[in-house]
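Asks: Quick one: the structure is below, and I'll ask about it shortly.
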Amino acid sequence: MSKTAFGVKVADEVWIATALLHREQPEREEFSLKEIEQRLRQENLTGAVRAGVYPHISVHCVANVPPNPGRYRMLVATGPSRRRLFCEGDPAHPRRDGSKTHPRRADIPAGYHELIDWYEQEWTTRVAHVDPLLALSGRGRSLWGTESIDDFVERVRGER
178 MSKTAFGVKV ADEVWIATAL LHREQPEREE FSLKEIEQRL RQENLTGAVR
228 AGVYPHISVH CVANVPPNPG RYRMLVATGP SRRRLFCEGD PAHPRRDGSK
278 THPRRADIPA GYHELIDWYE QEWTTRVAHV DPLLALSGRG RSLWGTESID
328 DFVERVRGER
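The sequence shown maps to residues 178 to 337 in the working numbering.
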C-alpha cells in the first residue's frame, strides 16, 4: 500500500479530495475523475500526485465495480468517468462487502478529521442515491453515431 512520510494511503488521499469536493460544492451529486484528481493535486498532501492515484479513483476505491485488486468502498461510479462518495445502501460488488468506506482518524492528518465527522453524521445518512438504472444513461450513445435517437428510430421504422 502506497504511503508517504506522513503515512497517508493513496485511497485515503482520494477519499479526502472527493469529500472536500462534496463539502465545497454541496449542490453537486458527482464529480469527474479529472476533477477529483485536480482537487487531490490542489490539496497536495504528499508533495506530488502519485502514480497510483488514477487507478484508485477509477477502480480500486469504487464500490460498484469488481475489485482489481483493491476492495475499498470509498467511491461509487455514477456514470462513465463520474464518481461520488459511497453511502451505505449503495450498490457494491459482493467481493467488496465489509471493506473500508472512509479513512480511520489515525491514518490521516488531524486537519481532516472533521471530514470523517461530516461523512459519518451527514453524508451516510443521505437518502438521495443515484438510481443504478439511471446511472446507465448515455452508455449506448456511441451506437447511434452522430444520428439522434429519434432519427435512428424513424429510419428503422421506415418513416424517413
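Just so it is clear, CB atoms sit at the ideal spot from N, CA and C, and this is done for glycine as well.
Given that a residue counts as buried once 16 or more other Cβ atoms are within 10 Å of its Cβ, and exposed if not, what is residue 228?
Replies: If you number the sequence shown from 1, residue 228 lands on position 51. The residue is exposed, with fewer than 16 neighbouring Cβ atoms inside 10 Å.
Asks: Taking 8 Å as the threshold, find out whether the stretch 243–256 comes into contact with the stretch 214–226 through three or more Cβ pairs.
Replies: No, the stretch 243–256 is not in contact with the stretch 214–226.
Asks: Mark residue 234 as exposed unless 16 or more other C-beta atoms lie within 10 angstroms of its C-beta, in which case mark it buried.
Replies: Taking the first residue of the sequence shown as position 1, residue 234 is located at position 57. Result: buried.
Asks: Between which two residues does the beta strand (DSSP E) carrying residue 218 extend?
Replies: As a working note, residue 218 is residue 41 in the sequence shown. Unbroken run through residue 218 is the alpha helix (DSSP H), 210–220; no beta strand (DSSP E).
Asks: Between the Cα of residue 274 and those of 266, 286 and 293, spot the shortest distance and give me the residue it belongs to.
Replies: On the sequence shown, residue 274 is found 97 positions in, with the first residue counted as 1. Of 266, 286 and 293, the residue nearest in Cα terms is 266.
Asks: Going straight from the alpha carbon of residue 251 to that of residue 328, what length do you get?
Replies: As a first step, residue 251 is located in the sequence shown; it is residue number 74 there, counting from the start. As a first step, residue 328 is located in the sequence shown; it is residue number 151 there, counting from the start. Answer to the nearest angstrom: the Cα atoms are 41 Å apart.
Asks: Quick one: measure Cβ to Cβ for residue 270 and residue 293, integer angstroms, because I've assumed they're closer than 8 Å.
Replies: On the sequence shown, position 93 is the one that residue 270 refers to. On the sequence shown, position 116 is the one that residue 293 refers to. Not confirmed; about 24 Å, so no contact.
Asks: One question on the structure: do residue 303 and residue 264 come within less than 9 Å of each other, judged by their Cβ atoms?
Replies: By one-based count along the sequence shown, residue 303 stands at place 126. By one-based count along the sequence shown, residue 264 stands at place 87. Yes, Cβ-Cβ distance for residue 303 and residue 264 is below 9 Å.
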